[in-house]
Each structure stands twice: as C-alpha cells, then as structure tokens.
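Novice: Just so we're aligned, residue 0 is where the sequence shown starts under numbering that gives the first Met the number 0, counting upward by one.
Glycine is no exception: its CB is placed at the ideal position from the N, C-alpha and C atoms.
Quick one: this structure, given as structure tokens, is what I'll be asking you about.
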Amino acid sequence: MKTILVTGGNRGIGLEICRQLDELGHTVIMGSRDPVKGKEAARSFSNNVIVKQLDVIHEESIRNLFAFVKTDFGKLDVLINNAGIGWVNQGQKNTVLADVKKFIETKSSGARQIFQHIVPILRKTGIVAQREGAVNVSLTNVKLIMETNLYGVWQMIQVFIPLLLNSDHGRIINMSSGRGELKSLSGDLPGYSLSKSSLNVLTIMFSNELKEKGISVNAMCPGWVKTEMGGPYAPRHVSQGADTAVWLATEKEIPTGKFFRDRKEIDW
Ligand code: NAP
C-alpha cells in the first residue's frame, strides 16, 4: 500500500481522489487549506485519511507538511497536485451561483435557459469569470492564477522530491486541463489556460530531469466535471474526473512525461 498526498483534497475532484484511494486501502494525506473543512469532508472515510493543513502558495505551510510526512512516513510514494483555481474570486461565484440556481430551479421548468441568460450578467459583476480574452485580461489576476496553478505545484515538487526519492517508484501527477492543450488555446480564460499549458511544460521538464532518478511525472485532464469550479452543468461526475488520477497513482507500470485523459495518452 502506498502513501499518497493529494493537494486541494477537501472538495471536488481532490476529495473524490482521496475517497477512491482510501477505499483501495492506501494511506492518504489530504492537503486542505482549512483542515476543519477537510476533516468534515473526510468524515465518512476510513481512518486511512490524514487531514493536514496545506496552502500551496505558502512556503511555510508546504514545509510544515513536508516535516510531518518525513517524520511519520520517511517517504512519499505519490504526490497528486490537484489544487487549482479557475479564476480570481472563484469563491464568491460558488455561493451566488448556487443561490441563483436553486431559486431558478424551484420557479421554472426552463431553468437551464434562464441560467444561461443570467450567467453573462453575473460575469459583468466579476462574480463569474469574465470572458475578457488575452487582450483585456487583468495581468494581476493572471499572476494570481499562475501563483496557485503553476508556482504552487512547482514548489510542492521541489520540496517533496527528497521524500519521493525515498519511495521505490515515486510518482507525481499534475492535474491539468483541456484548457491547457495547445490546439485548443484561444483568448478564453487566458490566465487559467496559460497556467495549465505551463503546467504541462513543467510536467515535461520535471519528467526529463527526474527520469534517471526513478520518479515518473505525468499530467492529466479530468474532463469537464461537476464541481464548484466546473459548475452545475458539467457532464461528468467527480468519480469520472478522479479515475485517471487514481489509475496513475496505483497502476503497476506507468510511463513518464505524458498527458492523459480517461487513462489514454492525449496530445499536449
Ligand atoms: P474545486 O471544486 O474548485 O476545488 C479546488 C480545490 O483546490 C479546493 O479544495 C480548494 O481549496 C483547493 N485550492 C485552491 N487554491 C489552493 C491553494 N492555494 N492551496 C491549497 N488548496 C487550494 O475544483 P475541481 O473542479 O475539483 O478542480 C480540481 C483540479 O482539476 C484543478 O486543478 C482544476 O484546474 C482541474 N480541472 C477541473 C475541471 C472541472 O471541470 N472541474 C476541468 C479540468 C481541470 P479551498 O476549498 O480551500 O478553496
């Protein structure tokens, strides 16, 4: 059984990854910015899940978790870099959107149409990500997204490498997105797209650098998944979104330096 760290494990796809790995009997360390929320989310899990405070943009938080894993386990078999943000102020969107959706669905049978009408209005308020394009996007916001989705992952990998090296076959799994695929890049969600295509580049760099040391590094896209980030009309359940991450973490032999969706390699 493996020792596996999942960042952003308290909700969404990360929580489901923790749940599936826990069910398989692995020792799961759930990184959660707010450990109270993480413990609440993991209440129905078995005792294998260990919830620890982790904010991937705070070095001290990362180093505290490193010290814990080093002391208690002496190694890390798999690091799943799942934590991510879609846009700045994503949290506000979640609350407002949930309220609006609930309201509409109790009032109308054509909820979807009305919802689609309201979203552009919410975009103007900044509560929902604005479709501003690379031309007009705020670079301050782009940098904030990069901080979490790229530099946060980079620092996690740098700090945890010594423990991954202590594993027989250390693995790093980076939660990327179809938004980062080179062929699909447009001006839409430019900060997020840039962060995920950069994460793919980071995956290739680390994979080449760590290959000789026996650590595999891969990226994956979960598809469009119903979570706070994916929204209520995403077609996929979290179990589908988590599946490839669990497979990459547990499959006996996996390659390195690849990009996957639904357990199949896809183009960068
Ligand atoms: P989500 O429901 O919004 O959950 C995001 C998770 O990341 C939360 O646990 C959040 O913690 C955590 N997080 C954000 N910033 C963090 C930080 N600085 N430090 C630590 N944790 C942080 O999103 P999701 O849909 O599950 O997405 C998970 C991953 O899949 C992301 O990397 C996302 O880009 C990727 N993805 C999702 C979709 C989709 O359709 N949902 C599609 C493609 C890729 P808090 O609860 O504290 O905010």
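Output yes or no for whether 9 angstroms exceeds the beta carbon distance between residue 49 and residue 154.
Specialist: Within the sequence shown, numbered from 1, the residue matching residue 49 stands at position 50. Within the sequence shown, numbered from 1, the residue matching residue 154 stands at position 155. Against a cut-off of 9 angstroms, the Cβ pair of residue 154 and residue 49 comes out as no contact.
Novice: Can you tell me the Cα-Cα spacing of residue 104 and residue 112, whole angstroms?
Specialist: Your numbering for residue 104 matches position 105 in the sequence shown. Your numbering for residue 112 matches position 113 in the sequence shown. Approximately 11 angstroms between the Cα atoms of the pair.
Novice: What is the rounded straight-line gap between the Cα of residue 187 and the Cα of residue 86?
Specialist: Sequence index remark: in the sequence shown, residue 187 carries index 188 (1-based). Sequence index remark: in the sequence shown, residue 86 carries index 87 (1-based). Residue 187 and residue 86: Cα-Cα distance of roughly 12 angstroms.
Novice: Which residue from 201, 195 and 43 puts its Cα closest to that of residue 18?
Specialist: Here residue 18 refers to the residue found at position 19 of the sequence shown. For residue 18, the nearest C-alpha among the options comes from 43.
Novice: What are the boundary residues of the alpha helix (DSSP H) that residue 273 is part of?
Specialist: The structure shown does not extend to residue 273, since the chain is modelled only from 0 through 267, so no value can be given for it.
Novice: Per DSSP, which residues does residue 218 bridge with? Please list them.
Specialist: For the purposes of this step, residue 218 is identified with residue 219 of the sequence shown, where counting begins at 1. The partner list for residue 218 (beta bridge, DSSP) reads 173 and 258.
Novice: Go to residue 155, then tell me how far its alpha helix (DSSP H) extends in each direction, as first and last residue.
Specialist: As a first step, residue 155 is located in the sequence shown; it is residue number 156 there, counting from the start. Looking at the DSSP string, the run of the alpha helix (DSSP H) that includes residue 155 is 152-164.
Novice: Cutting at 6 angstroms between CB atoms, please list the residues of its own chain near residue 26, excluding the five before and the five after it.
Specialist: Position 27 of the sequence shown, counted from the first residue, corresponds to residue 26. The answer, listed in chain order, is 2 and 47.
Novice: Please find out if some non-hydrogen atom of the ligand NAP comes closer than 8 angstroms to the beta-carbon of residue 82.
Specialist: Numbered from 1 along the sequence shown, position 83 holds the residue referred to as residue 82. Within the cutoff, so yes.
Novice: Here's the rule: buried if 16 or more other CB atoms are within 10 angstroms of the residue's CB, otherwise exposed. What is residue 7?
Specialist: Here residue 7 is taken as the residue at index 8 of the sequence shown, counted from 1. Result: buried.
Novice: Output yes or no for whether 9 angstroms exceeds the beta carbon distance between residue 81 and residue 41.
Specialist: Counted from its first residue, the sequence shown places residue 81 at position 82. Counted from its first residue, the sequence shown places residue 41 at position 42. Going by C-beta atoms, residue 81 is not nearer than 9 angstroms to residue 41.
Novice: Just checking residue 195 against the ligand NAP - is the residue's beta carbon closer than 8 angstroms to any of the ligand's heavy atoms?
Specialist: Against the sequence shown, residue 195 aligns to sequence position 196. Yes, Cβ of residue 195 sits closer than 8 angstroms to a heavy atom of the ligand NAP.
Novice: Along the alpha helix (DSSP H) that carries residue 145, what are the first and last residues, could you check?
Specialist: What you label residue 145 is simply residue 146 of the sequence shown in a count that begins at 1. Note, residue 145: alpha helix (DSSP H), 138-145.
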